[in-house]
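Engineer:
Numbering (my numbering), first residue to last: 16 to 253.
1. Rank 47, 76, 40, 41 by C-alpha distance to the C-alpha of residue 196 and give the top, closest one.
2. Residue 148 lies in the alpha helix (DSSP H); which residues open and close that run?
3. Quick check: the region 134 to 149 against the region 225 to 234, are at least 3 beta-carbon pairs closer than 8 Å?
4. Could you give the distance in angstroms between the alpha-carbon of residue 125 and the alpha-carbon of residue 226?
5. Any beta-carbon of chain B closer than 8 Å to the one on residue 102?
6. Measuring straight from C-alpha to C-alpha, what distance separates residue 170 and residue 37?
7. Given that a residue counts as buried once 16 or more other Cβ atoms are within 10 Å of its Cβ, and exposed if not, what is residue 123?
8. Helix or strand or just coil, what does DSSP make of residue 239?
9. Which same chain residues end up closer than 7 Å to residue 85 when comparing Cβ atoms and leaving out the 5 residues on each side of it in sequence?
10. Kindly give me the distance between the Cβ atoms of residue 72 and residue 213, rounded to whole angstroms, as I take these residues to be in contact under 8 Å.
11. Given a cut-off of 8 Å, decide if residue 80 and residue 43 are closer than it, judged by their beta-carbon atoms.
12. Buried or exposed for residue 63, going by 16 or more other Cβ atoms inside 10 Å?
13. Quick one: residues in its chain with C-beta nearer than 8 Å to the C-beta of residue 150, no 5 flanking neighbours on either side, listed in chain order?
14. Exposed or buried, what is residue 48 when buried is set at 16 or more other beta-carbons lying within 10 Å of its beta-carbon?
15. Have a look at residue 120 and residue 45 and give me their C-alpha separation to the nearest angstrom.
16. Please go through the same chain and pick out, in chain order, the residues whose beta-carbon is closer than 7 Å to the beta-carbon of residue 242, but skip the five residues on each side of it.
17. Applying the criterion that 16 or more other CB atoms from any shown protein chain within 10 Å of the CB defines a buried residue, is residue 156 buried or exposed?
18. Leaving out five residues before and five after residue 148 in sequence, what residues of the same chain have Cβ atoms less than 8 Å from its Cβ?
19. Please report the residue range of the beta strand (DSSP E) in which residue 198 lies.
20. From the DSSP output, in three-state form, read off residue 226 for me.
21. DSSP state of residue 112, grouped into three classes?
22. Using only CA atoms, which one of 251, 145, 160 lies nearest to residue 88?
23. Assuming contact is defined by CB atoms lying nearer than 8 Å, are residue 253 and residue 162 in contact in what I supplied?
24. Cutting at 7 Å between CB atoms, please list the residues of its own chain near residue 222, excluding the five before and the five after it.
25. Under three-state DSSP, which class holds residue 123?
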């Protein structure tokens, strides 16, 4: 197991000193799992080297919560148990974060997590493509697996919620992921191969969490909550 989900040396980010820490911004990440081969695989891509946050690192699709995300229509809402866990120690509406994860997946990979539906002519900002294709995002396949707040010494800070979904159940079709401006070298990799990539420490932590869930699906897994306190890194379970 990892010593810490946050590592100043390994992650390669700029470390700020002598300045007030930034307020973390809500974000959401989506971990897609495929089971069409002998070993489960997850979708990962490489961040651009010009990014101030985790440059050149392999990560899961995701990004910042947009104020309009919570207004998007959905085919199905979050399962009650998932919504309950997302509400713990959080002021943000659960569906906003779930919708962000689905929107970011589409924007960064071209993959669509939703179902065909007759959509209205008007839609929230950022959801034009879904409405144009008559597709409603589907929140029901999402499982909340963890939360991580970027440490205060980073130049960019996020309060990220990590979701997991089974690709065969969640995706609308079998189209391949397409590289974009945010993520390149998109690939489906086994958990073992993913661990060999250049990863942020928090991503390694979540990969281990996924491994535990896949190995013991019958257990009630409480999502880890990773954050930085005055005494250092702290991990609790929600």
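A virtual CB, placed ideally from N, CA and C, is assigned to each residue, including glycine.
Structural biologist: Taking the definition as stated:
1. 76
2. Where residue 148 is concerned, there is no enclosing alpha helix (DSSP H), given that its DSSP letter is neither H nor E.
3. no
4. 26 Å
5. Here chain B cannot be found, since the structure has a single protein chain.
6. 8 Å
7. buried
8. strand
9. 108, 110, 111, 114
10. 6 Å
11. yes
12. exposed
13. 127, 129, 130, 131, 132, 134, 187
14. buried
15. 7 Å
16. 164, 249
17. buried
18. 127
19. 198 to 205
20. helix
21. helix
22. 145
23. yes
24. 206, 209, 210
25. helix
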